[in-house]
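Below: the structure, in structure tokens.
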């Protein structure tokens, strides 16, 4: 008989490591599992030095968060450990983040953190502690399908974190558990209050954890003091419109703060890092229909080829805040390409393209990859068009 985590032994004989960030979600996961009788061990990762008392609104993993996680563990009566992962985090997340921005991309460090520090390194530590599973406070669901588990969009679609978890490998997924996948955020907060947790009303983390005051450019300039290379701002029609002081101040889709005067609204359409050039154009120039991907992780039970033309319906998300859009996988000799059937605006290299078999609650997460290049709607040229790889 299986327990509530789909494991074949009593809860009391099942050790579960809970990744405790000090926030409401992971704290409630620990409380739920403790209440169900599991042998719960909390682990908090110190990922960067923010000072023992540091707390920044909208951030996570700061010094105060460690203290909050420790206090929750004491309230629940579970063992709790703090692991110093600063060096691992710098090498696996911060350094690649900076390199990606310098290449003209818009990276997602949370994806890299989940793929490496959390679901590779922490998972290995959980195994070393004799754990049967690693549980987290992510809003995503997983279910057993035969001999393996599959990922699904959660009940609370406003909190859906599948966009940041597509890179989870099958081996990791089989060991991971996500107890909040079928709860809403208000229900989670209510559980925190019911268990007497002091963090029940704590604000959610929103910003990149290691970026002070939301200025990623400051982090990159500190790591790469020579990164402020000036260059040209040009229109998509070839006109020279002005100069900039460095590509770090620009992202695809940006309208304000371009540093140029124009009669009509202009948006950043491409960042050509190799030439330190910013390409701008009208809003319609942001429309993207085709993407080339790299570093694809496929989790679907059906092969990718099944979702080419004429196959089952496929949906993709190319930004975390956008709903899934109809798409199809295009077979090419050069690798993974995706056609977004209705087009999307402001798609940037470095972001993720995540695949779904459906679009609503419970849709299966098929995997995804990093956007290496984009082609504008109606463009007949071969990819890459707006590829940071030109750097």
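Numbering (our numbering), first residue to last: 114 to 504. For every residue, glycine included, the Cβ atom is placed at its ideal position computed from N, Cα and C.
| Query | Result |
| --- | --- |
| Exposure of residue 126, with buried meaning 16 or more beta-carbon neighbours within 10 Å | exposed |
| Start-end ranges of the beta strand (DSSP E) lying completely within the region 117 to 197, minimum 3 residues | 128 to 132, 152 to 159 and 192 to 197 |
| Every unbroken beta strand (DSSP E) within the region 297 to 371, with a cutoff of 3 residues, ordered by chain | 344 to 348 and 353 to 357 |
| Length of the line joining the Cα atoms of residue 269 and residue 485 | 30 Å |
| Cβ-Cβ distance between residue 129 and residue 301 below 8 Å | no |
| Supposed contact pair residue 465 and residue 453 - C-beta distance, whole angstroms, cut 8 Å | Rounded, the Cβ-Cβ distance is 14 Å, inconsistent with contact. |
| Start and end residues, alpha helix (DSSP H) containing residue 201 | 199 to 202 |
| Nearest-angstrom Cα separation, counted from residue 478 out to residue 355 | 43 Å |
| Cβ pair count under 8 Å reaching 3, the region 180 to 199 against the region 146 to 155 | yes |
| Within 8 Å, strictly: CB atoms of residue 472 and residue 428 | yes |
| Per-residue burial, residue 133 [other beta carbons within 10 Å of its own, 16 or more giving buried] | buried |
| Selected residue, minimal CA-CA separation from residue 368, among 336, 338 and 395 | 395 |
| Residue 470 and residue 455 closer than 8 Å at C-beta | no |
| Ordered list of alpha helix (DSSP H) runs contained in the region 214 to 258, each at least 4 residues | 222 to 226 and 236 to 241 |
| CB of residue 443 within 8 Å of CB of residue 450, strictly | yes |
| Run of the alpha helix (DSSP H) containing residue 293, from where it starts to where it stops | Where residue 293 is concerned, there is no enclosing alpha helix (DSSP H), given that its DSSP letter is neither H nor E. |
| Residue(s) in a DSSP beta bridge with residue 282 | DSSP output for residue 282 lists no bridge partner at all. |
| Residue environment, residue 328, which counts as buried when at least 16 other CB atoms sit within 10 Å | exposed |
| Residue(s) in a DSSP beta bridge with residue 480 | 411 and 468 |
| CA-to-CA distance, residue 411 to residue 391, given in whole angstroms | 33 Å |
| Cβ shell of residue 157 (< 6 Å), same chain only, five flanking positions each side left out | 133, 179, 182 and 195 |
| DSSP-derived helix/strand/coil call for residue 390 | strand |
| Residues bridged to residue 276 (per DSSP) | Residue 276 is not bridged to any residue. |
| Reduced DSSP secondary structure (H/G/I, E/B, other) of residue 439 | strand |
| Cβ shell of residue 120 (< 7 Å), same chain only, five flanking positions each side left out | 127, 245 and 246 |
| For residue 344 and residue 405, believed in contact at Cβ under 8 Å, the rounded distance | About 24 Å; that fails the 8 Å criterion. |
| Segment contact, 8 Å Cβ cut-off, at least three pairs: the region 200 to 209 with the region 220 to 231 | yes |
| Residue 131 versus residue 408 - alpha carbon distance | 28 Å |
| Nearest-angstrom Cα separation, counted from residue 161 out to residue 124 | 34 Å |
| Unbroken beta strand (DSSP E) run spanning residue 429, endpoints | 427 to 430 |
| Extent of the continuous beta strand (DSSP E) to which residue 381 belongs | 380 to 385 |
| Alpha-carbon to alpha-carbon, residue 294 and residue 141 | 12 Å |
| C-alpha gap between residue 267 and residue 346, whole angstroms | 42 Å |
| Alpha carbon of residue 281 to alpha carbon of residue 275, nearest angstrom | 10 Å |
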